[in-house]
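Novice: Attaching a single structure in structure tokens format; questions to follow.
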Amino acid sequence: MLRLLGTLVIGVFAAAVFNGEARAGATLDAIKARGELICGVNTGLAGFSRPDDQGKWTGLDVDICRAIAAAIVGSADKVKFVPLNAQQRFPALQSGEVDVLSRNTTWTLTRDSSSGFNFAPPVYYDGQGFMVAKSLGVTSAKELGGATVCVQQGTTTELNLADYFRATGLSLKPLVFVELAEAEQAFFANRCDAYTTDASGLASTRAAKAGNPDDYVILPEIISKEPLGPAVRHGDDQFFDIVKWTIYALIEAEERGVTQGNLDEMRASQDPNIMRLLGTTPGMGEALGLDPEWAARAIKAVGNYGEVFERNVGMATPLKLDRGLNALWTKGGLMYAPPIR
Ligand SMILES: N[C@@H](CCC(=O)N[C@@H](CS)C(=O)NCC(=O)O)C(=O)O
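Mapping the sequence shown onto the numbering used here, position 320 (from 1) lands on 506, and the numbers just tick up by one.
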């Protein structure tokens with residue numbers, strides 16, 4: 187019996203190894219052993235991920251990593267941020283250089299399958315737009331026939347741009363850049379008539395990089411769906427679950443009215459949903475391979491989803507983005523957490 191069991195165990199192990207896939211639990215073990223999460227982020231997109239003069243990273247994508255680190259390692263400061271441009275991001279995740287990619291990355295079929303990734307729920311539902319100098323007098327993307335358009339390589343943006351112009355029959359001259367900073371510089375130096383990327387990226391670039399943001403307009407057309415969310419490698423379901431449910435915990439916290447500020451009082455709540463979320467009723471953390479306080483730590487570290495949104499990209503920030511599709515489902519948006527039970 188024992189020998190049979192041994193053979194079975196070896197068989198399962200060999201199958202896992204020869205699959206070329208990570209063992210479930212391996213990522214969590216590695217993060218705990220090294221004492222920090224390694225998170226791939228944008229090289230510099232205000233509101234999403236950007237380092238300050240002291241090298242401290244802030245932004246919505248950054249906060250998602252900080253929440254995951256708080257849930258797993260116990261501290262939101264235990265994150266190493268690795269800046270990655272559009273082309274570098276997927277090899278970095280595939281090779282294991284980063285544990286998770288939290289970098290305005292669009293969830294697509296091929297990235298979610300043949301590229302070898304799994305996508306956690308979107309943390310920002312976006313779509314692609316165009317920005318032009320006001321002085322150009324253009325008010326619609328339909329007037330961009332013959333225009334030179336600055337765009338970054340290795341993005342869905344580049345592909346959608348070609349699709350859009352093919353579908354509308356307009357001609358265009360794409361000017362393609364590997365680095366974001368180069369594309370932005372080219373646009374502001376009038377080397378292109380228009381700049382295209384995710385609408386949130388346009389707002390970010392205009393707010394942070396334009397000499398005078400009021401000199402630029404974002405055109406009304408949104409030409410694609412860009413659900414932006416974190417990605418992990420195929421093969422480690424446990425880590426995938428942890429990343430997914432950390433995001434859901436932040437969304438659920440907003441729905442249940444749990445904030446960074448009131449979390450300690452909320453521990454006395456008798457609402458069974460809040461009790462499960464905060465670990466007053468244990469069981470949820472354990473199901474994920476974590477302790478009962480995992481979600482409470484994540485919420486305490488960064489706030490609920492609404493707080494994360496408002497602090498980084500909301501109406502009171504230079505980006506001035508409204509909640510739109512990113513409102514809770516109870517308020518007409520798409521942010522919806524499955525039951526935490
Ligand atoms: N969401 C799109 C575009 C993402 C993207 O890389 N956008 C550019 C322009 S906003 C960017 O973030 N560049 C920053 C960099 O390369 O560091 C995708 O996943 O392909």
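Beta carbons are placed, not taken as given, at the ideal position from N, Cα and C, and that holds for glycine.
(1) Counting only the same chain and skipping the five closest in sequence on each side, list residues whose C-beta sits under 6 Å from that of residue 249.
(2) So, using beta-carbon positions, are residue 362 and residue 337 closer together than 8 Å?
(3) Roughly how many angstroms lie between the CA atoms of residue 212 and residue 265, to the nearest whole one?
(4) In terms of residues, what are the limits of the beta strand (DSSP E) holding residue 378?
(5) Could you tell me whether the region 495-509 touches the region 385-401, using the rule of 3 or more Cβ pairs below 8 Å?
(6) Report the three-state DSSP secondary structure of residue 190 (helix, strand or coil).
(7) Say the cut is 7 Å; is the CB of residue 496 nearer than that to a heavy atom of ligand 1?
(8) Kindly give me the distance between the Cβ atoms of residue 411 and residue 313, rounded to whole angstroms, as I take these residues to be in contact under 8 Å.
(9) With C-beta atoms as the reference, is residue 526 less than 8 Å away from residue 402?
(10) What is the DSSP secondary structure of residue 292, reduced to helix, strand or coil?
(11) Any heavy atom of ligand 1 inside 7 Å of the beta-carbon of residue 302?
(12) Tell me the DSSP secondary structure of residue 513 in three-state form.
(13) Helix, strand or coil for residue 464? Go by DSSP, reduced to three states.
(14) Helix, strand or coil for residue 236, going by three-state DSSP, please let me know.
(15) According to DSSP, is residue 453 part of a helix, a strand, or is it coil?
(16) Quick one: is residue 295 buried, meaning 16 or more other Cβ sit within 10 Å of its Cβ, or exposed?
(17) For the region 303-312 against the region 406-420, are there 3 or more C-beta pairs whose distance is under 8 Å?
(18) As a quick exercise: from 353, 407, 331 and 420, pick the residue whose alpha carbon is nearest that of residue 378.
(19) Jot down the residue ranges of each uninterrupted alpha helix (DSSP H) in the region 211-269, minimum 4 residues, whole runs only, in chain order.
(20) Can you list, in chain order, the residues of its chain with a C-beta nearer than 7 Å to that of residue 516? Leave out the 5 residues immediately preceding and following it.
(21) On the premise that residue 289 lies in contact with residue 537, defined as a C-beta separation below 8 Å, what is that separation, rounded to the nearest angstrom?
(22) Taking 7 Å as the cut-off, is the CB of residue 511 close to at least one heavy atom of ligand 1?
(23) Please report the residue range of the alpha helix (DSSP H) in which residue 497 lies.
(24) At a threshold of 7 Å, does residue 231 count as lining ligand 1 (C-beta to nearest heavy atom)?
(25) Rank 231, 260 and 232 by C-alpha distance to the C-alpha of residue 221 and give the top, closest one.
(26) State buried or exposed for residue 352, treating a residue as buried only when at least 16 other CB atoms are found within 10 Å of its CB.
(27) Using only the heavy atoms of ligand 1, determine whether one of them is closer than 7 Å to the beta carbon of residue 228.
(28) Does the beta-carbon distance from residue 462 to residue 470 come in below 8 Å?
(29) Within the present structure, is the beta-carbon of residue 412 separated from the nearest heavy atom of ligand 1 by less than 7 Å?
(30) Determine the closest residue to residue 214 out of 284, 333 and 509, with distance taken between C-alpha atoms.
(31) Can you tell me which of 232, 263, 300 and 305 puts its alpha carbon nearest to the alpha carbon of residue 427?
Specialist: In terms of the structure at hand:
(1) Against the sequence shown, residue 249 aligns to sequence position 63. Here the set comprises 488 and 494.
(2) As a working note, residue 362 is residue 176 in the sequence shown. As a working note, residue 337 is residue 151 in the sequence shown. For the 8 Å CB-CB criterion, residue 362 and residue 337 form a contact.
(3) In the sequence shown, residue 212 corresponds to position 26, counting from 1. In the sequence shown, residue 265 corresponds to position 79, counting from 1. Computed Cα separation, rounded: 18 Å.
(4) The count along the sequence shown starts at 1 and reaches residue 378 at position 192. Counted as a single uninterrupted DSSP element, the stretch harbouring residue 378 is not any beta strand (DSSP E), since DSSP gives it neither H nor E.
(5) Under the 8 Å Cβ criterion, the region 495-509 counts as touching the region 385-401, having at least three qualifying pairs.
(6) Here the question's residue 190 lines up with position 4 in the sequence shown. Because the pLDDT at residue 190 is just 46, under 50, the model does not fix this residue reliably, and the point stays unresolved.
(7) On the sequence shown, position 310 is the one that residue 496 refers to. No; taking the cut-off as 7 Å, the Cβ of residue 496 has no heavy atom of ligand 1 nearer than that.
(8) To locate residue 411, count along the sequence shown from 1; it is residue 225. To locate residue 313, count along the sequence shown from 1; it is residue 127. That belief holds up - the Cβ atoms of residue 411 and residue 313 are roughly 6 Å apart, short of 8 Å.
(9) Start at 1 with the first residue of the sequence shown, and residue 526 comes out as number 340. Start at 1 with the first residue of the sequence shown, and residue 402 comes out as number 216. Not a contact, by the Cβ cut-off of 8 Å.
(10) Position 106 of the sequence shown, counted from the first residue, corresponds to residue 292. Three-state result, residue 292: strand.
(11) To locate residue 302, count along the sequence shown from 1; it is residue 116. Not one heavy atom of ligand 1 sits closer than 7 Å to the Cβ of residue 302.
(12) Taking the first residue of the sequence shown as position 1, residue 513 is located at position 327. Three-state result, residue 513: coil.
(13) To locate residue 464, count along the sequence shown from 1; it is residue 278. Residue state, collapsed to three classes: helix.
(14) In the sequence shown, the residue the question calls residue 236 occupies position 50. In the structure shown, residue 236 sits in a strand (DSSP, three-state: E or B).
(15) Counted from its first residue, the sequence shown places residue 453 at position 267. It is coil, neither helix nor strand.
(16) Here residue 295 corresponds to residue number 109 of the sequence shown, with the count starting at 1. An exposed status is given to residue 295, since fewer than 16 other beta-carbon atoms sit within 10 Å of its beta-carbon.
(17) Contact holds: three or more Cβ-Cβ distances are below 8 Å.
(18) On the sequence shown, residue 378 is found 192 positions in, with the first residue counted as 1. Ranked by how close their Cα comes to the Cα of residue 378, the residues 353, 407, 331 and 420 have 331 in first place.
(19) The qualifying runs are 212-220 and 246-258.
(20) Position 330 of the sequence shown, counted from the start, is the residue given in the question as residue 516. Short of 7 Å from the beta carbon of residue 516, and not among the five residues preceding or following it, lie these beta carbons of its own chain, in chain order: 441.
(21) This structure cannot speak to residue 537, because the chain is shown only from 187 to 527.
(22) Position 325 of the sequence shown, counted from the first residue, corresponds to residue 511. Every heavy atom of ligand 1 is 7 Å or more from the Cβ of residue 511, so no.
(23) One-based indexing of the sequence shown puts residue 497 at position 311. Counting along the chain, the alpha helix (DSSP H) containing residue 497 begins and ends at 491-499.
(24) Counting from one through the sequence shown, the residue named residue 231 turns up at place 45. Indeed, a heavy atom of ligand 1 lies less than 7 Å from the Cβ.
(25) If you number the sequence shown from 1, residue 221 lands on position 35. For residue 221, the nearest C-alpha among the options comes from 260.
(26) Numbered from its first residue, the sequence shown carries residue 352 at position 166. Classification for residue 352: exposed.
(27) Taking the sequence shown and counting its residues from 1, one reaches residue 228 at position 42. Short note on residue 228: C-beta closer than 7 Å to some heavy atom of ligand 1.
(28) Here residue 462 refers to the residue found at position 276 of the sequence shown. Here residue 470 refers to the residue found at position 284 of the sequence shown. The Cβ atoms of residue 462 and residue 470 sit closer than 8 Å to each other.
(29) Taking the sequence shown and counting its residues from 1, one reaches residue 412 at position 226. For residue 412, the distance from the CB to the nearest heavy atom of ligand 1 is below 7 Å.
(30) Position 28 of the sequence shown, counted from the start, is the residue given in the question as residue 214. Cα-wise, what sits closest to residue 214 is 284.
(31) Here residue 427 refers to the residue found at position 241 of the sequence shown. Of 232, 263, 300 and 305, the residue nearest in Cα terms is 305.
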